[in-house]
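Those protein sequences? They're chains P and X, same order as listed.
For the first sequence, counting from 1, position 141 maps to 141 in our numbering; every step adds exactly one.
Heads up, our numbering is the position in the second sequence plus 1000, with the first residue counted as 1.
Input: a single structure, listed below in structure tokens.
Number of protein chains: 2
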Amino acid sequence: MRVAVDAMGGDYAPAVVLEGVAEALKLFPDVHILLVGHQEKLAYYLQKEHLKEGPRLELVHAEQVVEMGEPSTASLRAKKHSSITVCAELAARGRADCVVSAGHTGAAVAATKVKMRILKGVDRPALSTIMPAVDGHFVLVDAGANTDCTPLNLAQFALMGEVYAQMLLHIENPRIGLISVGGEDSKGNHLTKEAFKILSNMPINFVGNVEGHDMFFGGADVVVCDGFSGNLVLKTSESITSAVGHWLKSCLMKNTFRKAGALLAQNAFTELKAISNFEEYGGAPLMGLNGICIIGHGASTPKAVRNAIRVANDFAKMGFPEKLSARIFECGVQYAPPPSGTEENKPAENHPDTPAEQ
Amino acid sequence: MRVAVDAMGGDYAPAVVLEGVAEALKLFPDVHILLVGHQEKLAYYLQKEHLKEGPRLELVHAEQVVEMGEPSTASLRAKKHSSITVCAELAARGRADCVVSAGHTGAAVAATKVKMRILKGVDRPALSTIMPAVDGHFVLVDAGANTDCTPLNLAQFALMGEVYAQMLLHIENPRIGLISVGGEDSKGNHLTKEAFKILSNMPINFVGNVEGHDMFFGGADVVVCDGFSGNLVLKTSESITSAVGHWLKSCLMKNTFRKAGALLAQNAFTELKAISNFEEYGGAPLMGLNGICIIGHGASTPKAVRNAIRVANDFAKMGFPEKLSARIFECGVQYAPPPSGTEENKPAENHPDTPAEQ
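Okay, here's the thing in structure tokens:
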């Protein structure tokens, strides 16, 4: 499998990306990397990681980079030769089987949607991410690609999460929950109430509305919501975890007894950090594309980059897009383009700036 | 100040409510309680807390209780003699200065809106709650009363939070942030983008969009959002805090060293629990009413009930509704009822089941 890696994307690119690539090449023998970025700028980091072009590492030049502050459409307009656009083109032309980027989320969404195109039957691709729960994990879809959604979008997100959970978490019949403000069927906003009706009639394992406690204490394997809400859950979880860590530290440093206790138990705190670390889980797949794209957190570590490469590789091997498309038609929730239309693959311009930064 | 307390509302009512009332009578000498509930059923608990009718404790009979699973409109239709409806009537008739309930949130919202009526210029009342942040707190509005909102609602929520922060947190010029999916002005969904424009033109200390990290690490004193999002932030925060506590415990119990360390540092964990305990902060005021209503968490402890009584008392003394109404007109964001209309005080039936359970 050939993975196109955006070497320039991410807060600590290209250094961290190349470290991740070096690890992936060592650990996953079937991975072939197409490293996309400004070749001159990469030279130093390649040497540092003892990486050389060879049968499993191909270098592809890209003149530009979409910076974090730029609009998402930069990947399609001002910066047509950016690393993420070149990655998407490699996938579109069949030279790569999947794309990995830890750069500008919106730019990656825009570039892949236009270049790789949207999967048959899908209205809008969505980002999913794996979240830690007590005694397990759950898949959150949409984690931030679409800030305004329709009930049909949410029905399709449910299937994206279902196929994800089946393929990567090996859960045969994943329990699918809908984020709402109360467990009862009648609770929710206009969007979730309509989505609830559709989900109830689909041949899936729909467990109804879920709230905070249900999510983090094992109430569902897949949690479905619009991208605004998903991003809110993700960011709130990350921040509150970090705030609790901060409070814990300051409580432990208050006197000598506590400091001694903290020293004795220090491995427990390291372990806690790993459990509640959201980036251990291998990036967020952008699902619903005619291909595979994994988007990493902007602050990705080498381990996160390496995990994203592994997930991309697994998705490609298992034929994720084909399975998702089949499932969408099977459940009768395929997107019907408006009758006027030749716009089956709607361009990303529909919501140019909405994709949230991860 | 006379506080009407719904003795029957809450998961552990009436026992916990009466414990809280007993504490409040001891601690706040200027509080006068109107205890509303089924007098026969209360007799046992009154005796247990050594509470007797007297100059500072008046008993008011209410035949019914709105149970948690019932629709919000039960307080207005099937159960017109419920404890929360009677509380709202006492406030409406001027016999009470404020209402406190830890019962069914939606029922309390419906009863108070219809009986006490909505404040001049306000479109929809909203719930606010104080959330812990690293090195401080922030006020979250709307925490769950309105699941579908307009940009004007969000502008009014900002002023509710502003007056709250001024009066109870003593912050002269509170920094007001808008929950979104990115810090840049252009990020958000349709609702937040429109609200951003209005907020930018108001004479307030608007600091722009805020995300998870900004919220919990001191980026704003007031955080504004629709009630669906607010409820999501609240529930996610509570659940992830509880999940982290669970993970911490299991990490600490893994071997003898860690157990010994945990024992030495045990006071730190107790302290951590208090910091991240969301119910310490005195209930959620329902703001925008022609009066004062504080809604407690269903699982309120006696301390939470006592704190809610203190906050209700403070709000009443400081003339919260008058100040809020004045500020709304001053900022030019008053609600204009549709021209057809005599519906200045719109009945709660507009969104009967939307208020989220706290």
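For each residue, glycine too, the CB sits at the ideal point set by N, CA and C.
Remember, predicted model here, so these are calculated numbers, not experimental data.
Taking C-beta atoms as the reference points, residue 1116 of chain X and residue 1290 of chain X count as a pair closer than 9 angstroms. Using a Cβ-Cβ cut-off of 7 angstroms, residue 1231 of chain X is close to 181 of chain P, given in chain order. Neighbours of residue 1147 of chain X in chain P, taken as residues at a C-beta separation under 7 angstroms, are given in chain order as 181, 188 and 189. The beta carbons of residue 145 of chain P and residue 126 of chain P sit closer together than 9 angstroms. Using a 10 angstroms sphere on the CB of residue 1319 of chain X, the tally of other CB atoms stays under 16, which defines it as exposed.
Residue 59 of chain P and residue 53 of chain P have their C-alpha atoms roughly 7 angstroms apart.
Taking the CA atoms as reference points, residue 1181 of chain X sits about 10 angstroms from residue 143 of chain P. Identification of chain X residues near residue 275 of chain P by a Cβ-Cβ cut-off of 7 angstroms yields 1247, ordered along the chain. Residue pairing for residue 1035 of chain X: DSSP places it in a beta bridge opposite X:1005 and X:1059. Non-local C-beta neighbours of residue 1157 of chain X in its own chain, meaning closer than 6 angstroms and more than five positions away in sequence, comprise 1126, 1141, 1142 and 1224, ordered along the chain. Using a Cβ-Cβ cut-off of 9 angstroms, residue 1267 of chain X is close to 251, 254, 255, 257 and 258 of chain P, given in chain order. Counting along the chain, no alpha helix (DSSP H) covers residue 1117 of chain X, and no H or E run does either. One finds nothing in chain P with a Cβ atom closer than 9 angstroms to the Cβ of residue 1052 of chain X; even the nearest lies about 39 angstroms away. In this structure, residue 316 of chain P sits away from residue 109 of chain P, with a CB-CB distance that is not shorter than 9 angstroms. For residue 71 of chain P, at least one C-beta of chain X is nearer than 9 angstroms to its own C-beta. Neighbours of residue 1228 of chain X in chain P, taken as residues whose beta carbon is under 7 angstroms from its own, are 181 and 189 in chain order. Relative to residue 1039 of chain X, the option among X:1190, X:1082, X:1242 and X:1010 whose CA is nearest is X:1082. For residue 123 of chain P, same chain residues with a beta-carbon under 7 angstroms away, outside a window of 5 residues either side, are 152, 153, 156 and 335 in chain order. The beta-carbon separation of residue 1204 of chain X and residue 1162 of chain X, rounded to 6 angstroms, stays under the 8 angstroms limit for a contact. Residue 295 of chain P: member of the beta strand (DSSP E) spanning 293-295, first to last residue. Put simply, the segment 260-274 of chain P touches the segment 1244-1253 of chain X. At least three CB pairs are less than 8 angstroms apart.
Taking CB atoms only, residue 8 of chain P has no neighbour in chain X less than 9 angstroms away. As DSSP reads the structure, residue 137 of chain P sits in a beta bridge with P:132. Neighbours of residue 216 of chain P in chain X, taken as residues at a C-beta separation under 7 angstroms, are given in chain order as 1239, 1240 and 1243.
Assignment of residue 207 of chain P by DSSP, reduced to helix, strand and coil, places it in the strand class. A distance below 7 angstroms between beta-carbons, with the five flanking residues on each side excluded, links residue 220 of chain P to the following residues of its chain, in chain order: 138, 175, 176, 177, 207, 210 and 214.
Residue 283 of chain P sits away from residue 119 of chain P, with the two beta carbons spaced by 9 angstroms or more. The criterion of a C-beta distance shorter than 9 angstroms is satisfied by residue 309 of chain P and residue 20 of chain P. A direct Cα-to-Cα measurement between residue 1111 of chain X and residue 1098 of chain X gives close to 13 angstroms.
Secondary structure of residue 76 of chain P (DSSP, three-state): coil. Between residue 103 of chain P and residue 72 of chain P the beta-carbon gap is near 11 angstroms, outside 8 angstroms, which marks them as no contact.
The DSSP-derived three-state label of residue 101 of chain P is strand. Residue 1064 of chain X is bridged by DSSP to X:1082.
The Cβ atoms of residue 1066 of chain X and residue 247 of chain P do not sit closer than 9 angstroms to each other. Of P:96, P:198 and P:183, the smallest CA-CA separation from residue 331 of chain P is found for P:198. Beta-bridge annotation (DSSP): residue 1179 of chain X is paired with X:1210.
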